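Asker:
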Amino acid sequence: MVTTRLENVKGYTNSCSTPHHMRFLNESESWNLFCENVFGKDGCPTELKQIGKKIVQNCQGLPLAIVVIAALQGFSQRPQRHNIRCFLYIGIFPEDSNIRVSKLVKLWVAERLLKPVRSKSLEDVAQEYLLELVDRNLILVHKKSSIGKIKTYRIHDLLRDFCVREAQREKFFHVNNMGLCGISEGTKVHRLSIHSHRKLNDIDNCLQNIRLQSVLNFDEEHYHQSEKLINYRLLSVFDTNNTSINEFPVNLRYFACKFHFARSFPASLLHLLRNLQTLMCSDVVDINLPPEIWEMRQLRHVKFWEMVLPDPPSAETEGKNSIIVLDNLQTLCKVVNFRCTEEVLQRIPNLKKLGISFDSRAVLDGGYCCLNNLARLLKLGSLGLFWQSPSFLKNITFPISLKKLSFLSGHLTWEDMTIIGSLPNLQVLKLQWSSFVGLEWEPKEGEFLQLKYLQLRKIDLENWIANSIHFPSLERLVIEYCKSLEIPSGIGEIPTLESIEVYGCSDSVVTSAKQIEEEQHSSGNDYLQVRIVNF
1 MVTTRLENVK
11 GYTNSCSTPH
21 HMRFLNESES
31 WNLFCENVFG
41 KDGCPTELKQ
51 IGKKIVQNCQ
61 GLPLAIVVIA
71 ALQGFSQRPQ
81 RHNIRCFLYI
91 GIFPEDSNIR
101 VSKLVKLWVA
111 ERLLKPVRSK
121 SLEDVAQEYL
131 LELVDRNLIL
141 VHKKSSIGKI
151 KTYRIHDLLR
161 DFCVREAQRE
171 KFFHVNNMGL
181 CGISEGTKVH
191 RLSIHSHRKL
201 NDIDNCLQNI
211 RLQSVLNFDE
221 EHYHQSEKLI
231 NYRLLSVFDT
241 NNTSINEFPV
251 NLRYFACKFH
261 FARSFPASLL
271 HLLRNLQTLM
281 CSDVVDINLP
291 PEIWEMRQLR
301 HVKFWEMVLP
311 DPPSAETEGK
321 NSIIVLDNLQ
331 TLCKVVNFRC
341 TEEVLQRIPN
351 LKKLGISFDS
361 RAVLDGGYCC
371 LNNLARLLKL
381 GSLGLFWQSP
391 SFLKNITFPI
401 SLKKLSFLSG
411 HLTWEDMTII
421 GSLPNLQVLK
431 LQWSSFVGLE
441 WEPKEGEFLQ
451 LKYLQLRKID
461 LENWIANSIH
471 FPSLERLVIE
481 YCKSLEIPSG
491 IGEIPTLESI
501 EVYGCSDSVV
511 TSAKQIEEEQ
521 HSSGNDYLQV
531 RIVNF
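Each step along the sequence shown adds one to the number in full-length UniProt numbering, with nothing skipped, and position 239 is 239.
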């Protein structure tokens, strides 16, 4: 079935059936739909009925218009202005974008749009607010994470247009689709979103006298050289896809980019950014962060493709009573040869996400010896590991708070899996690129009790002995580029299992997945979905 507002779509469907033209809602239906979405079970207050019915009449019986207006009306009744601005801010992204929740939350925090709530982090406040927007149909869930959290979302064109229009009317932000010529000197533009696909070398000249606080450049095709970025003293947010930079504005709170010349990243100047919260440079490799990184108290998220983290100052240098603790730091990825000493971990006690890698230098230097200290990170929920030595796992102690664990390379044996299976809160396990080797894996009963998501990617496993008691909470099984594996039929008996996904695998994997699907459907389990993609 195809639903559309475009009459000519029928010509492309090759359908012989007569299209069904849906009627508009009558006055009573329109009013009921409006009240249900604005007031819920409480009904419309008497004093608001007259103006409410006028609003509904202007929707002319169109359900989408009624739902959108109702959502906005219910939303506008909230007294907190910061919540309204959070919603308007979504319009800063290009039309039809799949917007990452993690990015939006970081931007909200950096823009100071969220009101602090006692005993909650700003990120938690933002997540709750996003769920409220979903409940009000103001944003649409596009993709969920491996454990069911919202990962990306979209916003309807009508609502995005409303956000852009209202934001520009309030001079909250300016969206630029046609280059920079539309912004005249003296224009009050505090936040600028650039969507146009054209060279942006004139940005510095055009914006010399504009008191910019935020620049978000979504142009993915052209290189932008921001040599004069230092001139924007008030700039607190800078996000761009393709740039080089040799200096930073000192008031930056959020900096995210892909570098045209990765080696041009001025790491030595980071210590000047005392207000910096988010630093994300996804394609910058082997950056040596300056020692002053340990003095940047506002840091919340630091993410590079690879970075070297210096040792912190010794207690003798700082004094035992003056050690700087980065209480706000939640994300640190990916650190090469991370030294998990007590001196390091006591400075990052609230870390939630950590990515680390170890190379041959770490083996020679005995760099694994402190990995047992990881258990000190009591709030760590996500850990990504890349290493080149099978002895790695013998030196590590995982924090029991872990919910997500990813392995890349390593050549561990399947017998070592017992260490991981005993983690009481583990929900996501990703095994990639020969992280575990051996032809047979037989999990033990009582392990992986909370595991919901299991990924096997390029794993040379042939004989997997498992049934429903081994992964009693499993919801998604994802197998990618495995050549000799057969999925145990008992996996299909797991009562919580929702999907099996197979990508680029051999016939043995595909056949076993199809067999599980047939067995489950024949026994009345139509809930299980099997997805097979061949490359």
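Virtual Cβ for every residue (Gly too), placed ideally from N, Cα, C.
Here the structure is a predicted model, which is why all the values come from computation and not from measurement.
Return the chain-ordered list of same chain residues with a C-beta closer than 7 Å to the C-beta of His142, the five sequence neighbours on each side being excluded.
Answerer: Only Asn98, Thr152, Tyr153, Arg154 meet the Cβ criterion.
Asker: With H, G and I counted as helix, E and B as strand and the rest as coil, what does DSSP make of Asn425?
Answerer: Coil at Asn425, not helix or strand.
Asker: Buried or exposed for Thr240, please, with buried defined as at least 16 other CB atoms from any protein chain shown within 10 angstroms of its CB.
Answerer: Burial call: buried.
Asker: Within its chain, find whatever has a CB closer than 7 Å to the CB of Cys59; leave out the 5 residues flanking it on each side and keep chain order.
Answerer: So the qualifying residues of the chain are Ser30, Ala65, Ile66, Ile69.
Asker: Could you tell me the distance, in whole angstroms, from the CA atom of Asn26 to the CA atom of Asn32?
Answerer: Approximately 10 Å, taken between the alpha carbons.
Asker: Given a threshold of 16 other Cβ atoms within 10 Å of its Cβ, counted over all protein chains shown, does Lys106 qualify as buried or as exposed?
Answerer: By the neighbour-count rule (16 or more Cβ atoms within 10 Å), Lys106 is buried.
Asker: Evaluate His470 with the Cβ neighbour count: other Cβ atoms within 10 Å of its Cβ, from every protein chain shown; 16 or more gives buried, anything less gives exposed.
Answerer: It is buried - the Cβ of His470 has at least 16 other Cβ atoms within 10 Å.
Asker: Reducing DSSP to helix, strand and coil, say where Asn395 ends up.
Answerer: In this structure, Asn395 counts as helix in the three-state DSSP scheme.
Asker: Looking at C-alpha atoms only, which residue of Gly421, Pro349, Val308, Arg457 is the closest neighbour of Leu449?
Answerer: Of the listed residues, the one whose Cα sits closest to Leu449 is Gly421.
Asker: Should Tyr527 go down as buried or exposed, given a rule of 16 or more other Cβ atoms within 10 Å for buried?
Answerer: The residue in question, Tyr527, is exposed, as its Cβ has fewer than 16 Cβ neighbours within 10 Å.
Asker: Less than 8 Å between C-beta atoms, sequence neighbours within five positions excluded: which residues of the same chain meet that for Gln277?
Answerer: Answer for Gln277: Lys106, Val109, Ala110, Arg253, Tyr254, Gln298, Leu299, Arg300, His301, Asn328, listed in chain order.
Asker: Return the first residue and the last residue of the alpha helix (DSSP H) that His21 is part of.
Answerer: Taken as a continuous stretch (DSSP letters only), His21 belongs to no alpha helix (DSSP H), as it is neither H nor E.
Asker: List the whole-angstrom C-beta distance separating Phe392 from Phe358, where the pair is believed to meet the contact cut-off of C-beta under 8 Å.
Answerer: Rounded, the Cβ-Cβ distance is 7 Å, consistent with contact.
Asker: With DSSP as the reference, label Trp305 as helix, strand or coil.
Answerer: Strand.
Asker: Report the three-state DSSP secondary structure of Ser406 (helix, strand or coil).
Answerer: The answer is strand: DSSP assigns Ser406 an E or B state.
Asker: Would you check if the distance between the CB atom of Glu486 and the CB atom of Ser512 is smaller than 8 Å?
Answerer: Result yes, Cβ atoms of Glu486 and Ser512 sit closer than 8 Å.
Asker: Rounded to a whole number of angstroms, what is the C-alpha to C-alpha distance between Leu423 and Glu447?
Answerer: C-alpha separation (whole angstroms): 8 Å.
Asker: What is the rounded straight-line gap between the Cα of Glu415 and the Cα of Phe436?
Answerer: If I take the Cα positions, the gap works out to 9 Å.
Asker: Closest to Gly504 by C-alpha separation, out of Arg457, Glu123, Ser119, Leu62, would be which residue?
Answerer: Looking at the Cα atoms, Arg457 is the closest of the given residues.
Asker: Assign Leu528 to one of three DSSP states: helix, strand, or coil.
Answerer: Looking at Leu528 - three-state DSSP - the assignment turns out to be coil, as it is neither helix nor strand.
Asker: Can you look up Phe386 in the DSSP assignment and give me helix, strand or coil?
Answerer: Note: Phe386 maps to strand in three-state DSSP.
Asker: Which residues share a DSSP beta bridge with Gly355?
Answerer: In DSSP, Gly355 forms a bridge with Gly384.
Asker: Spell out the partners DSSP gives Leu412 in its beta bridges.
Answerer: Leu412 pairs with Phe436.
Asker: Pull up the distance between the alpha-carbon of Thr18 and that of Pro63, whole angstroms please.
Answerer: Their backbone Cα atoms lie some 23 Å apart in a straight line.
Asker: Taking only runs of the beta strand (DSSP E) that begin and end inside the stretch 116-165, which ones reach a length of at least 3 residues, in chain order?
Answerer: Correct list: 140-144, 150-154.
Asker: What is the DSSP secondary structure of Thr511, counted as helix, strand or coil?
Answerer: Thr511 falls in the helix class under three-state DSSP.
Asker: Taking all protein chains shown into account, decide if Ile400 is buried (16 or more other Cβ within 10 angstroms of its Cβ) or exposed.
Answerer: Classification of Ile400: exposed, given that the 10 Å Cβ count is below 16.
Asker: Within 10 angstroms of its Cβ, does Phe24 collect 16 or more other Cβ (buried), or is it exposed?
Answerer: Exposed, by the Cβ-count rule.
Asker: Just grab the DSSP bridge partners of Thr418 for me.
Answerer: Answer is none; Thr418 lacks a bridge partner.
Asker: What span of residues does the beta strand (DSSP E) with Ile479 cover, start to end?
Answerer: Segment 476-480, the beta strand (DSSP E) holding Ile479.
Asker: Which residue or residues does DSSP assign as beta-bridge partners of Tyr232?
Answerer: Its beta-bridge partners do not exist; DSSP assigns none.
Asker: Among Asp124, Glu95, His20, whose alpha-carbon lies nearest the alpha-carbon of Lys352?
Answerer: Ranking the options by Cα distance to Lys352, first place goes to Asp124.
Asker: Nearest chain C C-beta to Thr496 closer than 8 Å, yes or no?
Answerer: Of the protein chains in this structure there is only one, and it is not chain C.
Asker: DSSP state of Arg253, grouped into three classes?
Answerer: Coil.
Asker: Short check: CB of Ser489 to CB of Ser508, under 8 Å?
Answerer: No, Cβ-Cβ distance for Ser489 and Ser508 is not below 8 Å.
Asker: Is Tyr265 helix, strand or coil by DSSP?
Answerer: According to the sequence shown, residue 265 is Phe rather than Tyr. Three-state result, Phe265: coil.
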